[in-house]
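Note sheet for the following structure.
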Amino acid sequence: MTGTDPASASATPDRPVRTRFAPSPTGDLHIGGVRTALFSWLYARHCEGEFLLRIEDTDRKRSTEEAIAVILTGLRWLGLIADQPPVLQSQRLDRHKKAIQQLLDADKAYRCYCTPAELARMREQAMADGGKPRYDGRCRDRADKPAALRPVIRFKNPPAGEVVIDDLIQGRVVYRNAELDDLIIARADGSPTYNLSVVVDDADMQITHVIRGDDHLNNTPRQINIFRALGQTPPHYAHLPLILGPDGSKLSKRDGSTSILACKAQGLLPSAVLNYLVRLGWSHGDQEIFSLAEMIALFDVRQVNKSAAALNLEKLAWLNQHYMKISPVADLLALAEAQFERAGVALADGPGLTELLAVQKERVKNLQELVEQSRFFYEDIVAYDKAAAKKHLRPAILPAMELLAGRLAALTEWTGADIKAVIDTLATELNMNMGRLAQPLRVAVTGGAISPGIDMTLALLGPDKVQQRLHTALEYIRRRARAG
RNA sequence: GCUCCCUUCGUCUAGCGGUCCAGGACGCUGGCCUCUCACGCCGGUAACAGGGGUUCGAGUCCCCUAGGGAGCACCA
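When the letters of the first sequence are read in order and numbered with numbering that gives the first Met the number 0, they come out as residues 0 to 483.
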């Protein structure tokens, strides 16, 4: 246990693969955490193992119910479902305390009576001596028990030898035990600390592969030592490189644009977010588009890059547009409906969502854009887009528009094809380009210069709304003509 | 300060000693298509951090430097 012993650092347990995602519920679930969850989930699926969720909510001051809800709903939205009910770390206190007692009994832990002031001095001294701020182990063999002081409990880290981590991503990383100090495993009030809890939980949950951010790499040798002191075999480790913000800086938990909630609010599709994330640090040749089934079949943590990746929001947007385009209408229905509801747009008075999606999904980047560019189907035009009206609703077009309104009113069949025929015929008769007629019409019925093909736009709008809006537009043009 | 990790186009990446005057994708950009927007199609732009080795040959192996990151709590 104290010597170099690479073989047992990550012994291969002969049991099915089991991964876990273990977030602490202290804020928004950001996109970096989601990727960690995705990789853990993918690896479990790939190996036909299990993926578990553990909420590390032992920091009562910072953990919140809302944050737990965000994690749960976020993962559900993405489809990263755990195979068992989530484990709440806060409910495992007894197990943690038992483990602490076990270490105490085995003389692998001891009580430390040093005061905070004493520890601070020790750190300063260590720094001054050119080392890292560490505890010197002075209470290891302390015989007295000062009644006035409430002790913490420290783990007896092996003093010599080294810990070898054969990390699935980082490769072999070696730490000398001399670099590690005796960390606190129980606070003065008896509550267990992070490194102890993690080890006990991972052991009890029979986790075989710990896939987490590489900010934990430095904790790993300590955790491996605790595993062994507890008589357990450490799991395999895979430390993922961190994700950086679009500007290359550290991803902030408070950065609104990178939280999973924000992605949803922006109308991004789960499939796009997943596809974007899987390509951050992992690739399969030149392939950019991966279905869930392909990800599961092809993904292997061992292929993940070691370097940090910066977020490229434009590429996410592009992928999202791609998925808007290729997703069957049926798959988008529920997501789109929710987005309209969030935006406060009532769908009752307008085309059905299925029909709308059929024409709109190919031309919008995300669901938010879908809502914004479809409002006019459901809500009255409050005002014309200024530039569009100025350019297209001018007096010169009045005769043509009046003719058009008449012919559309005479239509008995209100289909895209019939509408198109009317417009084409009139354009030919008047010797106009299709566009010279279509644009004013578009502004008249949508209020702006952007919409699906004019025939489909009118078809979806229905004859009544079209007539009503055309008359309003004709009045507008006449008024403008009179005004000179 | 100490320990550990990283370094190919602006960004994500391919590359696992010769097939690389470095490939794909996003972005940007020229053109085509076109009733608007978008899509699509054709083309362009742009990178092996620097320096030493090893080798017949290095983006690919080794070392150093520089730069970046993480951790070093009675937080998780």
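Here a beta-carbon is modelled for each residue, glycine too, at the ideal position from N, C-alpha and C. Remember, predicted model here, so these are calculated numbers, not experimental data.
Cys111 carries a strand assignment under DSSP once its states are collapsed to helix, strand and coil. The C-alpha of Asn311 lies about 11 Å from the C-alpha of Arg278.
For Tyr236, the uninterrupted beta strand (DSSP E) segment begins and ends at 235-239.
Exposed is the label assigned to Asn304, since fewer than 16 other Cβ atoms lie within 10 Å of its Cβ. Boundaries of the beta strand (DSSP E) harbouring Asp165: 161-166, taken from the DSSP string. By the criterion of a C-beta distance shorter than 7 Å, Thr207 is surrounded in its chain by Pro12, Arg14, Val16, Arg17, Pro234, His235, once the five residues flanking it on both sides are discounted. From the listed residues Asp214, Asp213, Ala307, Gln100, the smallest Cα separation to Ser248 is found for Ala307. In this chain, the beta strand (DSSP E) harbouring Thr18 covers 17-20.
Looking at the backbone, the Cα of Thr424 and that of Leu28 are separated by about 56 Å.
At the C-beta level, Leu167 and Val300 come within 8 Å of one another. In this model, Asp417 and Glu65 are separated by some 53 Å (Cα to Cα).
DSSP places Gly212 within a strand segment (E or B) once states are collapsed to three. Contact annotation: Glu354 and Leu459 have beta-carbon atoms nearer than 8 Å. With respect to Leu352, Gly266 sits apart: the two C-beta atoms are not nearer than 8 Å. Under the Cβ criterion (8 Å, minimum of three pairs), the stretch 394-411 counts as touching the stretch 469-476.
When only Cα atoms are considered, Ala386 and Leu52 end up about 53 Å apart. By a beta-carbon distance limit of 8 Å, Arg468 contacts Ile380. Their separation comes to about 7 Å. Taking each of Arg186, Ser373, Gln286, Met455 in turn and checking the Cα distance to Pro115, the smallest one comes out for Arg186. A contact is defined here as three or more CB-CB pairs under 8 Å, and the stretch 82-95 meets this definition with respect to the stretch 40-58. Ranked by Cα distance from Tyr42, the first of Glu161, Val69, Ala292, Gln338 is Ala292. Rounded to whole angstroms, the gap between the alpha carbons of Ser39 and Pro84 is 16 Å. Gly73: not part of any beta strand (DSSP E); member of the alpha helix (DSSP H) spanning 64-77, first to last residue.
If you check the CB distance, Arg110 and Pro150 come in under 8 Å.
The beta-bridge partner set that DSSP reports for Ser258 consists of His29. About 5 Å separates the Cβ atoms of His95 and Ser196, confirming a contact at the 8 Å cut-off. For Val162 and Gln286, the gap between their C-alpha atoms comes out near 38 Å. In this structure, the beta-carbon distance from Asn156 to Asp180 falls below 8 Å. In the structure shown, Phe154 falls within a strand segment according to DSSP collapsed to helix, strand and coil. Gly170 and Ile164 have their C-alpha atoms some 8 Å from each other. Phe50 and Val272 have their alpha carbons spaced roughly 20 Å apart. When beta bridges are read from the DSSP output, Leu52 appears opposite Phe20. A contact between stretches requires three or more CB pairs, one per stretch, nearer than 8 Å, and the stretch 199-206 meets this requirement with the stretch 225-244. In the DSSP assignment, the residues bridged to Pro191 are Ala185. Boundaries of the beta strand (DSSP E) around Val173: 170-175.
Going by C-alpha positions, Leu331 is about 8 Å away from Leu356. When beta bridges are read from the DSSP output, Val86 appears opposite Arg53.
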